[in-house]
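Q: Numbering (this note's numbering), first residue to last: 146 to 290.
Note that the Cβ used here is the ideal one computed from N, Cα and C, for glycine as well.
1. Where do the N-terminal and C-terminal ends of the beta strand (DSSP E) with residue 211 fall, by residue?
2. What are the complete alpha helix (DSSP H) segments, minimum 4 residues, inside the stretch 256-289?
3. Does DSSP put residue 239 in a helix, in a strand, or in coil?
4. Which residue's Cα is closest to the Cα of residue 215: 166, 270, 258, 152?
5. Just grab the DSSP bridge partners of residue 169 for me.
6. Do residue 232 and residue 279 count as a contact pair if the criterion is CB distance below 7 angstroms?
7. Should residue 217 go down as buried or exposed, given a rule of 16 or more other Cβ atoms within 10 Å for buried?
8. Where do the N-terminal and C-terminal ends of the beta strand (DSSP E) with residue 200 fall, by residue?
Structure follows, in structure tokens:
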């Protein structure tokens with residue numbers, strides 16, 4: 146794990162259709178449980194590569210880290226929205242609930258459900274976000290093949 150950004154599957158048994166993983170951005174890291182009831186590890190890696198590729202042309206995307214299926218199979222997904230501004234990418238952590246989306250959720254076009262970047266919530270409180278370099282995301286993309 147020599148790059149400034151990455152998501153890594155960890156060794157360990159699957160429990161309740163979830164496997165352990167780690168997201169790292171510079172000095173920040175967080176352990177995750179990734180739902181593998183619908184998508185395999187390779188499916189997640191494919192969508193992560195697609196998410197970074199989308200940022201080449203668009204200003205927002207997301208790394209999905211827990212997805213149990215579209216409605217009504219699941220009520221939402223855990224993801225890390227990415228907002229690119231030139232050579233900087235702002236990262237949020239978010240639970241997206243399908244019923245709260247402005248548009249119908251499509252598994253084939255999941256990125257259309259990612260909300261625009263906000264720096265404050267409805268109450269005026271600052272939303273937690275991390276910054277990473279675009280080149281670190283590109284290195285992560287390269288590691289995915």
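A: With the given structure in hand:
1. Note, residue 211: beta strand (DSSP E), 205-212.
2. Segments of the alpha helix (DSSP H) lying fully in the stretch 256-289: 279-288.
3. Here residue 239 sits in strand by DSSP.
4. With distances taken between Cα atoms, residue 215 lies closest to 258.
5. Answer is 151, 174, bridged to residue 169.
6. Yes. Within cutoff.
7. By the Cβ-count criterion, residue 217 is exposed, with fewer than 16 other Cβ atoms from all chains shown falling within 10 Å of its own Cβ.
8. Secondary structure note for residue 200: it is in no beta strand (DSSP E), with a DSSP letter that is neither H nor E.
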